[in-house]
Amino acid sequence: MTLAKRIIPCLDVDAGRVVKGVNFVGIRDAGDPVEIAKRYNQQGADEITFLDITASHEDRGTTVEMVERIAGEVFIPLTVGGGIRRCEDIRTMLNAGADKISINTAAVTHPDFVREAAERFGSQCIVVAIDAKRVSAEGEPPRWEIFTHGGRRPTGLDAVEWARKMVDYGAGELLLTSMDRDGTKVGFDLGVTRAISDAVEVPVIASGGVGNLDHLVAGVKEGGADAVLAASIFHFGEYTIPDAKRYMAEHGIEMRL
Amino acid sequence: MTIAVIDYGMGNLHSVAKALEHVTHENVVVTSDPRAIRGASRLVLPGQGAIRDCMGELERSELRGLVSELLDAQQKPLLGICVGQQMLFEHSDENGGIDCLGFLPGRVRHFGQQLVGPDGERLKVPHMGWNRVAQHHAHPLWQGIDDGARFYFVHSYYVDAASPDDVFGSTHYAGVEAHVATGRGCVFAVQFHPEKSARDGLQLLENFVNWAP
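Heads up: the sequence lines are chains X and L, in that order.
Going by this note's numbering, the first residue of the first sequence is number 2, and it counts up by one from there.
Going by this note's numbering, the first residue of the second sequence is number 191, and it counts up by one from there.
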């Protein structure tokens, strides 16, 4: 097996700036997404994910411009997500230079949008982002549900069934974020990662909760993830991409070094 | 000197054009205009999505005949990418069976379903990510690229070329040897995405731009 597992640094971008404390002081501002994307590319990142968390609609134009600039300089796959609701949004981002588009809330509110997008643009560029939270109590058989609005709003949808449905609808890849773990640095929710990875044919990206390199190893070995996504461990400079790749390779995981 | 990326309505051609612009000062155009395509010094045939749609759109845009003619004429270098590689062969098993351009002998097959690797892990389809490419023969497009270098792939179907002479590179996945770099004469075609394969991908594109078959 020579296909490498992937490391994907994630840029959460608000009004043209990377947020989530890139600075050591932990203040929200950050840095220029283009410079940060270039740095990760030079370090050997396997892909880059750009999540637009811009609140105001007026600033959306900045995002398109950022994506264009990154795509003009970084020649690895670029996934763009955040606020994608219509085929027109997908077209705009692909034209700007994105390779894959991540659909989140719109997949929950209008599942047929995923089907339409996959038919129109091909499954290879449609990623469905799944935000899951564990809803079973300790001691009960584990069960996870889909949440929207940053993990605040339950939908009642079973996460594993939802993952299968999204793949049936044409998702070419799933970006699975554990909402319980996001920002906690205690590691991925390996249970839901394993359950979904075993349930679907398409690759699964594990996200949410990475605090150290052992978490990345566990995501692949125990969770069965095909790729691991992290933001703060790389932004803060705690670890570089080569540190992470070497560590994973030392633990027997096939990596692109 | 103009490099024409043939736009027959399928997929995202911006990445290819941007990567070419990064490695050359020559003019790069994304075009469906037969005159521009005829006038170009080099051609790129991309392709994304299902092969039925790619072949259908090539037909509908009235470029199928022109592409076949230019392949047969062997006068200018052509680089096929992804489904643009698959279309060069005789037949694809995708979409219930689709006849393709038939420039090279061989067919396009599916990796299969419910695949399990030697370690018991489920093998995902599409084959997505960075995999090694073993170089079978020397070729000007491999210049400066190590044997076994990794390139970025996204595909569920792969080329099974009939003639070993046409195979310049292969990748092992799911128990099969996928012929991921193929060619003949002034045609070279790859399953992976050089425009998304970092340094080695850009090197391959630069080699294509400098190639004088």
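By construction, the Cβ of each residue, glycine as well, lies at the ideal position given by its N, Cα and C atoms.
Computed from a predicted model, the values in this text were never measured in an experiment.
At a cut-off of 7 angstroms, the C-beta of Phe76 of chain X has a neighbouring C-beta in chain L. Neighbourhood of Glu311 of chain L in chain X, by CB distance below 7 angstroms: Gly225, in chain order.
By the neighbour-count criterion, in which a residue is buried when 16 or more other Cβ atoms sit within 10 angstroms of its Cβ, Ser208 of chain X is buried. With its beta carbon at least 7 angstroms from every one in chain X, Trp401 of chain L lies outside the interface. Apart from the 5 residues on each side of it in sequence, Lys6 of chain X sits with its Cβ closer than 8 angstroms to the Cβ of Val221, Ala226, Asp227, Ala228, Val229, Met249, Ile254, Glu255 and Met256 in its chain, given in chain order. At a cut-off of 7 angstroms between beta-carbon atoms, Trp320 of chain L makes contact with chain X. Separation of the CB atoms of Cys11 of chain X and Leu52 of chain X is rounded to 6 angstroms, and the pair is thereby assigned contact status at 8 angstroms. Between Ala209 of chain L and chain X, the shortest Cβ-Cβ separation is below 7 angstroms.
For the C-beta of Arg116 of chain X, not a single chain L residue is nearer than 7 angstroms; the gap to the nearest is close to 14 angstroms.
With its beta carbon at least 7 angstroms from every one in chain X, Ala371 of chain L lies outside the interface.
Around the beta carbon of Gln393 of chain L, a 10 Å sphere encloses 16 or more other beta carbons of the protein chains shown; the residue is thus reported as buried.
Shown here for Thr156 of chain X: same chain residues with a beta carbon closer than 8 angstroms to its own, the five before and five after excluded, namely Val109, Glu146, Ile147, Phe148 and Thr149 in chain order. Taking 7 angstroms as the cut-off, the Cβ atoms of Leu269 of chain L and Phe358 of chain L do not count as close. By the 16-neighbour rule on beta-carbons within 10 angstroms, Glu66 of chain X is exposed. The region 193-212 of chain L and the region 235-248 of chain L touch, with three or more beta-carbon pairs separated by less than 8 angstroms. Taken in chain order, the whole beta strand (DSSP E) runs of length 3 or more contained in the region 181-243 of chain X are 205-208 and 228-231. With distances taken between CA atoms, Cys126 of chain X lies nearest to L:Val344 out of L:Ala230, L:Val344 and L:Asn217. The beta carbon of Asp337 of chain L lies closer than 6 angstroms to those of Gln325 in the same chain, with the five residues before and after it left out. Residues of chain L with a Cβ closer than 8 angstroms to the Cβ of Ala5 of chain X are, in chain order, Gly319, Trp320, Asn321 and Arg340. With 16 or more other CB atoms across the displayed protein chains lying within 10 angstroms of its CB, Gly237 of chain L is buried.
When 7 angstroms is used as the limit between beta carbons, Gln44 of chain X is near no residue of chain L, the shortest such separation being about 11 angstroms. In terms of Cα proximity to Arg144 of chain X, the closest of X:Glu69, X:Val193 and X:Glu74 is X:Val193. At least 7 angstroms separates the CB of Glu255 of chain X from every CB of chain L.
Taking 7 angstroms as the cut-off, the Cβ atoms of Val380 of chain L and Ala371 of chain L count as close. Excluding sequence positions up to five before and after Asp289 of chain L, its CB lies within less than 6 angstroms of the CB of His281, all in the same chain and listed in chain order. Not one beta carbon of chain X lies nearer than 7 angstroms to the beta carbon of Asn397 of chain L. Chain-order list of chain X residues neighbouring Asn217 of chain L: empty, with the shortest C-beta distance near 17 angstroms, by a criterion of under 9 angstroms. The three-state reading of DSSP puts His212 of chain L in helix, counting H, G and I together.
Listed as beta-bridge partners of Tyr348 of chain L by DSSP are L:Arg299.
Secondary structure of Phe382 of chain L (DSSP, three-state): coil. Looking at the backbone, the Cα of Arg312 of chain L and that of Asn217 of chain L are separated by about 45 angstroms. Among the CB atoms of chain X, one or more fall inside 7 angstroms of the CB of Val344 of chain L.
Annotation: the region 229-280 of chain L contains the following complete segments of the alpha helix (DSSP H) (minimum length 4 residues), in chain order: 241-250, 254-263 and 273-276. Under the Cβ criterion (8 angstroms, minimum of three pairs), the region 348-365 of chain L counts as touching the region 290-307 of chain L. Using beta-carbon distances, Asp113 of chain X does not count as an interface residue toward chain L, since no partner is under 7 angstroms. For Ala231 of chain X, there are no neighbours in chain L by C-beta distance under 9 angstroms, as the nearest C-beta there is about 17 angstroms away.
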